[in-house]
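Remarks on the structure that follows.
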Amino acid sequence: MIIRVVSAIGGGVIDVEVKPNATVAELKREISVQKRIPASAVIVVYRGRQLDDNETFEEVGLTDYEKVYLIARTEGG
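Below you can see the structure in the form of structure tokens.
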């Protein structure tokens with residue numbers, strides 16, 4: 060399935076192919092590669108809720124080409 064990842068800042072969109080039983084942590088790793096940001100800084104939001112790393116897309120109810128929102132947490136002080 061394809062997940063559309065929309066950047067909350069700037070609105071850029073990337074499509075990421077994942078299996079329905081893939082976890083949010085797996086999506087974060089792929090986003091980190093494509094966006095060149097640490098996976099630990101990635102927050103994924105779907106329908107107004109931050110997704111947990113161990114949740115699968117089946118559990119969340121995501122379907123093909125649905126949008127999730129990427130929030131990149133800034134690190135440092």
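Going left to right, the sequence shown walks through residues 60 to 136 as the working numbering numbers them.
The beta carbon of each residue, even a glycine, is placed where N, CA and C say it ideally should be.
These figures come from a predicted structure and were not determined experimentally.
Self-check item: Through-space distance from residue 97 to residue 121, alpha-carbon basis
Solution: Along the sequence shown, read from residue 1 onward, the residue named residue 121 stands at position 62. Along the sequence shown, read from residue 1 onward, the residue named residue 97 stands at position 38. Roughly 24 Å between the two C-alpha positions.
Exercise. Flag this pair as touching only if the segment 75-92 and the segment 107-116 have three or more C-beta atom pairs under 8 Å; answer yes or no.
Key: yes
Self-check item: Cβ neighbour criterion (16 or more within 10 Å) applied to residue 72
Solution: To locate residue 72, count along the sequence shown from 1; it is residue 13. Residue 72 is exposed by the Cβ-count criterion.
Quiz prompt | For residue 127, the three-state DSSP class (helix, strand or coil) | solution = Counted from its first residue, the sequence shown places residue 127 at position 68. Of the three classes helix, strand and coil, the one that applies to residue 127 here is strand, per DSSP.
Quiz item: Between 68, 104, 60, which lies nearest to residue 75 when the distance is taken from Cα to Cα?
Solution: The residue given as residue 75 occupies position 16 in the sequence shown. Nearest C-alpha to residue 75: 60.
Quiz item: Which of the three DSSP states, helix, strand or coil, is assigned to residue 77?
Solution: Against the sequence shown, residue 77 aligns to sequence position 18. The answer is coil: DSSP assigns residue 77 none of H, G, I, E or B.
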